[in-house]
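Going line by line, the protein sequences match chains A and B. At position 158 of the first sequence (counting the first as 1) the number is 158 in UniProt numbering, and the numbers step up by one without a gap. At position 412 of the second sequence (counting the first as 1) the number is 412 in UniProt numbering, and the numbers step up by one without a gap. Where a beta carbon is used, it is the ideal one built from N, C-alpha and C, also for glycine. All values derive from a computational prediction rather than experimental measurement. Contents: one structure, followed by commentary.
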Amino acid sequence: MSRHRNVRGYNYDEDFEDDDMYGQSVEDDYCISPFIYSRQDSRQARHVETLEEAEYEEEEEEMPTSDTVASTLDPLQQESRVEAEVVPKVARMTVSGKKQTMGFDVRSAEENGIVAPSVRRGPSPDVTAAPTTETPSKSSAVNEDSAAPTPTRPTGKSKQQLNIRAELEKRQGGKPLLNLVVIGHVDAGKSTLMGHLLYLLGNVNKRTMHKYEQESKKAGKASFAYAWVLDETGEERDRGVTMDVGMTKFETDSKVITLMDAPGHKDFIPNMITGAAQADVAVLVVDASRGEFEAGFEAGGQTREHGLLVRSLGVTQLAVAVNKMDQVNWQQERFRDIVSKLGHFLKQAGFKDSDVFYIPTSGLSGENLTTRSKVADLTAWYTGPCLLEQIDAFKPPQRSVEKPFRLCVSDVFKDQGSGFCVTGKIEAGFIQTGDKVLAMPPNETCTVKGITLHDEALDWAAAGDHVSLTVTGMDIIKINVGCIFCDPKEAIRACTRFRARILLFNIEVPITQGFPVLLHYQTVSEPATIRKLVSVLHKSSGEVLKKKPKCLSKGQNAVVEIQTQRPVALELYKDYKELGRFMLRYVGSTIAAGVVTEVKGSTYPPFPTKHIAILYSSAFFDIAS
Amino acid sequence: MKLVHKDIEKDNAGQVTLIPEEAEDMWHTYNLLQVGDSLRASTIRKVQTESSTGSVGSSRVRTTLTLCVETIDFDSQACQLRVKGTNIQENQYVKMGAYHTIELELNRKFTLAKKVWDSVVLDRIEQACDPAQKADVAAVVMQEGLANLVLVTPAMTLLRAKVEVTIPRKRKGSCTQHDKALERFYEAVMQGILRHFSFDGNFVLKIQIRMDNGQINTDIFVVFLCFSVVKCILVASPGFVKDQFISYLFKEAVRQDCKILLENRSKFMVVHSSSGHKYSLKEVLCDPAVTARLSDTKAAGEVKALEDFYKMLQQEPDRAFYGLAHVERASEALAVDILLISDKLFRHQDIATRSRYVRLVDNVKENGGNVRIFSSLHVSGDQLNQLSGVAAILRFPIADVSEAEEDSSSDED
Chain A
1 MSRHRNVRGY
11 NYDEDFEDDD
21 MYGQSVEDDY
31 CISPFIYSRQ
41 DSRQARHVET
51 LEEAEYEEEE
61 EEMPTSDTVA
71 STLDPLQQES
81 RVEAEVVPKV
91 ARMTVSGKKQ
101 TMGFDVRSAE
111 ENGIVAPSVR
121 RGPSPDVTAA
131 PTTETPSKSS
141 AVNEDSAAPT
151 PTRPTGKSKQ
161 QLNIRAELEK
171 RQGGKPLLNL
181 VVIGHVDAGK
191 STLMGHLLYL
201 LGNVNKRTMH
211 KYEQESKKAG
221 KASFAYAWVL
231 DETGEERDRG
241 VTMDVGMTKF
251 ETDSKVITLM
261 DAPGHKDFIP
271 NMITGAAQAD
281 VAVLVVDASR
291 GEFEAGFEAG
301 GQTREHGLLV
311 RSLGVTQLAV
321 AVNKMDQVNW
331 QQERFRDIVS
341 KLGHFLKQAG
351 FKDSDVFYIP
361 TSGLSGENLT
371 TRSKVADLTA
381 WYTGPCLLEQ
391 IDAFKPPQRS
401 VEKPFRLCVS
411 DVFKDQGSGF
421 CVTGKIEAGF
431 IQTGDKVLAM
441 PPNETCTVKG
451 ITLHDEALDW
461 AAAGDHVSLT
471 VTGMDIIKIN
481 VGCIFCDPKE
491 AIRACTRFRA
501 RILLFNIEVP
511 ITQGFPVLLH
521 YQTVSEPATI
531 RKLVSVLHKS
541 SGEVLKKKPK
551 CLSKGQNAVV
561 EIQTQRPVAL
571 ELYKDYKELG
581 RFMLRYVGST
591 IAAGVVTEVK
601 GSTYPPFPTK
611 HIAILYSSAF
621 FDIAS
Chain B
1 MKLVHKDIEK
11 DNAGQVTLIP
21 EEAEDMWHTY
31 NLLQVGDSLR
41 ASTIRKVQTE
51 SSTGSVGSSR
61 VRTTLTLCVE
71 TIDFDSQACQ
81 LRVKGTNIQE
91 NQYVKMGAYH
101 TIELELNRKF
111 TLAKKVWDSV
121 VLDRIEQACD
131 PAQKADVAAV
141 VMQEGLANLV
151 LVTPAMTLLR
161 AKVEVTIPRK
171 RKGSCTQHDK
181 ALERFYEAVM
191 QGILRHFSFD
201 GNFVLKIQIR
211 MDNGQINTDI
221 FVVFLCFSVV
231 KCILVASPGF
241 VKDQFISYLF
251 KEAVRQDCKI
261 LLENRSKFMV
271 VHSSSGHKYS
281 LKEVLCDPAV
291 TARLSDTKAA
301 GEVKALEDFY
311 KMLQQEPDRA
321 FYGLAHVERA
331 SEALAVDILL
341 ISDKLFRHQD
351 IATRSRYVRL
361 VDNVKENGGN
371 VRIFSSLHVS
381 GDQLNQLSGV
391 AAILRFPIAD
401 VSEAEEDSSS
411 DED
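Okay, structure coming up:
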């Protein structure tokens with residue numbers, strides 16, 4: 001099995017090097033972090049220290065294993081591997097999770113021995129590690145929380161700390177939140193499909209819809225009426241092309257969906273990437289009519305590029321809406337033909353067959369969107385769910401709520417009142433009003449005055465939410481799209497040079513050192529150059545095939561060093577799966593997807609952090625998701 | 001540049017007198033100068049005089065000095081060249097061995113003496129004095145919220161202004177902020193064009209840009225340069241930004257009655273580019289519509305050559321080499337067909353290293369190869385610099401030897 005090969009071929013030296021670093025930072029923390037143990041007397045603190053050191057040593061031994069598992073789940077490798085292999089691995093890891101119980105024990109020991117408040121977001125290892133023990137079974141989490149005294153914030157504020165998991169479940173009547181991006185070739189009917197869906201769900205009132213119908217008829221584009229629901233700028237309506245991601249929400253029976261309507265035009269792929277980077281699941285819209293599907297699917301069409309992009313950005317579940325089926329008279333052969341062609345490609349791209357669903361639809365006439373179609377031509381051969389049912393059936397992903405707070409800014413604007421607003425998706429952790437957050441790269445702190453989710457004010461929000469924050473205490477000029485807001489105690493690092501593993505797509509020119517690229521990382525798009533080609537790796541085993549290659553050509557898996565012009569805030573892939581991914585583009589086409597493996601020469605010294613705990617929990621999350 | 005006098009001996013020592021006429025000539029001069037050369041030019045010196053009574057006065061005197069060059073500084077934004085060195089010809093104001101810094105001026109002759117004039121510098125003089133190679137192109141490379149205003153001359157690509165405005169996204173139910181910010185952005189770019197590109201020789205427009213939010217360098221002290229008149233303005237962007245901008249520009253020009261823009265309307269050209277970052281200029285200069293109009297600018301030629309190299313690397317990796325050690329080996333095997341080399345390498349102050357590059361160029365030429373010296377100020381030259389500064393397309397494939405690879409890459413580090 002390739003996993004064994006991988007373990008053998010794995011570079012242990014690197015791990016041990018890392019361990020050294022982690023070891024140091026842990027020690028640092030004991031000495032200098034004043035607020036964490038401020039309420040304990042020194043004797044007790046010492047007690048804790050010894051305990052935790054024991055735990056740390058335990059972990060050091062375990063480290064390479066957990067790390068290797070994390071790396072086998074790397075999407076780049078996963079893509080080229082049969083998915084079935086991964087599943088048994090998951091099971092085994094959970095069973096052999098000895099060290100998790102270890103972390104649990106330590107924590108309870110601390111609670112019994114010391115009456116000190118347990119810190120839930122502070123950078124101490126027991127805390128960050130502890131929640132991982134909760135995740136496997138929800139019931140144990142509840143028990144533990146009721147047993148432990150209500151944890152308070154280390155900063156000494158009187159505000160009560162939230163039990164974020166439980167609160168998250170309570171919210172919105174137990175409906176989990178799901179971020180959905182709609183992708184596909186230009187003119188496949190993405191906006192129309194979603195616009196119509198929103199209309200059928202009653203999210204757009206009849207009067208507005210009537211207005212759009214009238215106006216679009218006047219403009220000579222009657223068929224664009226539904227698209228106007230999401231394409232709101234004058235330019236988009238005039239040209240009949242979505243240019244920027246349109247965002248809105250709707251509810252299904254069991255979920256609240258944040259809908260992002262991505263542009264399909266080639267030139268707007270940077271915008272599409274910002275949308276897709278924030279998505280959990282995707283709907284790929286393809287045009288079923290003769291010639292159109294082929295145009296979108298062949299080289300130069302966006303169906304392929306979009307498919308690869310969303311997969312590389314971490315989307316695993318995909319619904320394919322085979323749109324405009326009414327134009328081919330709901331022929332089953334056409335549907336089957338498209339399904340087989342797409343299925344082959346999507347499998348190559350790394351989607352599991354069981355996670356891809358095909359639904360015949362018609363965006364313009366609204367068939368098979370919210371209710372199962374009654375068209376005889378279709379019902380004759382199709383009995384599956386409609387689009388809405390399928391969206392409802394998506395599995396919500398695991399959110400990293402226990403990790404330190406991270407939010408990627410996708411928009412900055414002035415609102416009425418003091419301060420200004422930033423919007424973005426919370427990638428990890430959670431936030432409450434009144435919290436202080438640090439913005440990187442400008443390295444400035446500000447205070448969160450208000451949180452809005454889907455136009456409703458909230459007191460808190462957690463990972464996965466697409467929120468807008470009203471912040472004060474900072475100049476709006478300093479904040480650009482692409483900044484990352486984070487927990488000041490566990491800051492993200494900003495750097496201009498980093499090492500990454502990349503998977504090259506179908507590229508025309510080979511990549512050499514000095515190659516100028518555009519780095520797309522979350523919402524950032526930043527010019528960068530490839531400074532060094534470190535090595536070429538074997539696609540599935542990760543073994544080094546060649547060091548210092550002359551150039552990289554298509555399909556290769558490689559380690560490179562990338563330099564950006566301005567600092568970019570990055571996280572390692574092993575720490576934050578969501579924040580470690582990026583895409584490289586060159587002259588209007590996507591050339592590679594990659595994950596950050598090492599940050600070099602960080603411009604701001606990182607705060608003392610508990611890497612162990614983060615690594616430890618991330619190893620778990622890798623498996624869980 | 002005008003060549004006034006050239007006196008080079010058989011042993012390649014000698015001197016040359018030149019008159020720089022354009023800002024670009026300063027760049028050429030910068031590439032000619034080397035530490036250890038002697039430079040004679042007119043300059044201004046602050047002189048202290050002591051009268052018989054002992055009172056000290058100082059005055060500024062224009063005098064001609066000869067320096068032994070020690071440091072050379074080029075400011076690419078203002079196109080100024082400063083040369084520091086010690087005086088080697090005493091006159092009434094300046095003692096022997098005294099330090100002085102000459103700032104070379106346009107339209108004043110200077111004399112440059114070198115112990116060795118090699119083929120590369122001589123070519124450079126020829127090129128600089130060629131009047132045919134003059135076509136300035138202005139380009140605005142933009143995307144939503146970002147615009148780079150660039151001036152492309154035969155030997156330089158100068159970033160004149162960078163406009164960055166944060167544009168709020170469209171949000172449900174409200175696009176006004178987006179539209180307003182977009183308008184503000186276009187306004188800023190328009191002002192940038194008016195301020196930084198001269199459409200006719202003696203035109204100077206003073207505009208102060210006041211922005212409450214946009215991040216524009218409001219440098220009030222703008223240096224106006226005697227660049228030759230812009231022949232063409234390329235407006236490039238992905239999507240529809242370029243079209244939107246052009247229609248905004250002329251609508252505003254009509255409204256504000258800005259004759260300068262309306263008269264030069266025919267000079268504007270809309271091209272596609274994949275992004276608004278500076279390196280996208282490469283795509284713009286490659287565009288067939290642009291090359292047709294600009295016939296043969298050096299910049300476009302360089303882009304083409306580098307592209308050929310990459311194509312070769314893809315098709316026949318054994319016929320495309322880069323890195324000095326590799327290319328030298330290929331040259332020894334008489335295999336180099338086209339040599340791409342960055343002029344940055346010839347500015348190397350270490351004489352031995354420099355002559356190694358010169359030898360390479362001479363060798364290739366001798367063996368009937370083509371040599372293309374890239375300007376490091378162009379986008380393509382910049383990329384070549386990153387790629388060790390030297391690359392070659394070979395006539396026939398040479399197998400890659402891996403141990404040689406190790407030392408070549410250590411060279412590059």
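>> Quick check on DSSP: helix, strand or coil for W228 of chain A?
In response: W228 of chain A falls in the helix class under three-state DSSP.
>> Per the DSSP calculation, T447 of chain A is bridged to which residue(s)?
In response: A:K436 and A:T472
> In its own chain, which residues sit with a C-beta less than 6 Å from the C-beta of E578 of chain A, not counting the 5 before and 5 after it?
Replying inline: E427
> Where does G14 of chain B fall in DSSP's three states?
Replying inline: strand
>> For R207 of chain A and E213 of chain A, I'd like the C-alpha separation in whole angstroms.
In response: Straight-line Cα distance between these residues: approximately 10 Å.
>> Quick check: is the beta carbon of I19 of chain B nearer than 7 Å to any beta carbon in chain A?
In response: Chain A contact via Cβ: absent.
> How about D261 of chain A and T316 of chain A: are their beta carbons less than 7 Å apart?
Replying inline: no
> Are the CB atoms of residue 453 of chain B and F185 of chain B nearer to each other than 7 Å?
Replying inline: This structure cannot settle anything about residue 453 of chain B, because the visible part of chain B is limited to 1 through 413.
> Which class does V284 of chain B belong to by DSSP, given the choice of helix, strand or coil?
Replying inline: In this structure, V284 of chain B counts as helix in the three-state DSSP scheme.
>> For a quick check, are the C-beta atoms of Y358 of chain A and V375 of chain A less than 7 Å apart?
In response: no
> When the Cα atoms are used, what is the spatial distance from V4 of chain B to I19 of chain B?
Replying inline: 7 Å
> Given 8 Å as the limit, is there contact between the stretch 494-502 of chain A and the stretch 514-526 of chain A, that is, 3 or more CB pairs closer than that?
Replying inline: The stretch 494-502 of chain A is not in contact with the stretch 514-526 of chain A.
> If you follow the beta strand (DSSP E) that E5 of chain B is part of, which residue opens it and which one closes it?
Replying inline: In the sequence under discussion, the amino acid at residue 5 of chain B is His, which differs from the Glu named in the question. Its beta strand (DSSP E) spans residues K2 to I8.
>> Between A:V401, A:L572, A:V471 and A:K574, which has its C-alpha nearest T447 of chain A's C-alpha?
In response: A:V471
> Is there a Cβ from chain A that is less than 7 Å from the Cβ of F396 of chain B?
Replying inline: No, F396 of chain B does not count as interfacial toward chain A.
> Where T529 of chain A and H378 of chain B are concerned, what is the direct C-alpha to C-alpha distance, given to the nearest angstrom?
Replying inline: 16 Å
> Any heavy atom of the ligand SAM closer than 6 Å to the CB of L159 of chain B?
Replying inline: Of ligands this structure carries none, so the ligand SAM is not represented either.
> Going by the CB atoms, is the gap between K84 of chain B and T71 of chain B shorter than 7 Å?
Replying inline: yes
> How about V568 of chain A and S535 of chain A: do their beta carbons lie closer than 7 Å?
Replying inline: no
> Between which two residues does the alpha helix (DSSP H) harbouring M312 of chain B extend?
Replying inline: K298 to Q315
> When DSSP builds the beta bridges, which residues end up paired with T49 of chain B?
Replying inline: B:G57
> Can you tell me the Cα-Cα spacing of Y37 of chain A and N443 of chain A, whole angstroms?
Replying inline: Bear in mind that the predicted position of Y37 of chain A carries a pLDDT of just 39, short of 50, making it too unreliable to give a figure here.
>> What are the residues in the stretch 371-383 of chain B lying within 9 Å of chain A by C-beta distance?
In response: For the stretch 371-383 of chain B, the beta-carbon criterion of a distance under 9 Å to any beta-carbon of chain A is satisfied by V379, D382 and Q383.
> So which residues of chain A does Y310 of chain B contact, with C-beta pairs closer than 8 Å?
Replying inline: V509, P510 and T512
>> Assuming Y357 of chain B is part of the beta strand (DSSP E), what are its boundary residues?
In response: Where Y357 of chain B is concerned, there is no enclosing beta strand (DSSP E), although the alpha helix (DSSP H) it sits in stretches over I351 to E366.
> At a Cβ cut of 9 Å, what residues of the stretch 137-155 of chain B count as close to chain A, listed as they run along the chain?
Replying inline: Q143, E144 and G145
>> Using C-beta distances below 7 Å, list every residue in its chain close to D37 of chain B, excluding the 5 sequence neighbours before and after it, in chain order.
In response: V69, L112, A113 and K114
>> Would L552 of chain A and I591 of chain A qualify as a contact pair, given that the criterion is a beta-carbon distance under 7 Å?
In response: no
>> One question on the structure: do A188 of chain A and D267 of chain A come within less than 7 Å of each other, judged by their Cβ atoms?
In response: no
> How far does the beta strand (DSSP E) with K532 of chain A in it reach, from first residue to last?
Replying inline: V524 to L537
> Can you find at least 3 beta carbon pairs, one from the stretch 218-238 of chain A and one from the stretch 136-154 of chain B, that sit closer than 8 Å?
Replying inline: At 8 Å Cβ cutoff, the stretches do not touch.
>> Which residue wins for smallest C-alpha separation from Q522 of chain A, given the options A:M272, A:L230 and A:G588?
In response: A:M272
> Would you report the Cα separation of R395 of chain B and L384 of chain B, rounded to the nearest angstrom?
Replying inline: 20 Å
>> Beta-carbon within less than 6 Å of F245 of chain B's beta-carbon, same chain only, minus the 5 sequence neighbours each way: which residues are those?
In response: Y186
>> To test your reading of the DSSP string, which unbroken alpha helix (DSSP H) runs of 4 or more residues are found completely within the stretch 111-160 of chain B?
In response: 119-128
> Quick one: any contact between the stretch 298-316 of chain A and the stretch 168-186 of chain A, if contact means 3 or more CB pairs under 8 Å?
Replying inline: yes
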